[in-house]
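Before any comments, here is the structure.
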Amino acid sequence: MGKYATLIVGRGFSPPAEVRVEGFYVTVFVEAEDVDEAISKALTFIVEDDDEFLANIAPYADPDRAEVAPEHWYELSSFDGCELPRSGFVFFSKD
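The numbering of the sequence shown is the numbering used here, which starts it at 13 and goes up by one.
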């Protein structure tokens, strides 16, 4: 199995913050047979299994605009130095 880092972008999520938040980026690290499986596992982890996302971000999804999608993916030689199973969330604003 290969080791993959998948950068996930979420748009249409607006948790309370000092500035208007539009969405987030997060990198999810998974083992998978190929890129398609890595992307599927990463997306499933975020939207179904990640307690922080489910408790603190998902409730603020705009039902008309919210989406979670892969932005980039990389095959890694190892997970050394990686924060498993994912990095921290990085939020961005519209501006």
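From the three backbone atoms N, C-alpha and C, an ideal C-beta is built for every residue, glycine too. As the structure is a computational prediction, the values presented were derived from the model and not from experiment.
Exposure label - residue i; buried when at least 16 CB within 10 Å
i, result
"residue 86", "exposed"
"residue 50", "buried"
"residue 35", "buried"
"residue 102", "exposed"
"residue 100", "exposed"
Cβ pair residue i, residue j closer than 9 Å
i, j, result
"residue 17", "residue 94", "yes"
"residue 13", "residue 44", "yes"
"residue 105", "residue 47", "no"
"residue 74", "residue 25", "yes"
"residue 70", "residue 59", "yes"
"residue 88", "residue 57", "no"
"residue 37", "residue 79", "no"
Beta-bridge partners of residue i, as assigned by DSSP
i, result
"residue 23", "35 and 79"
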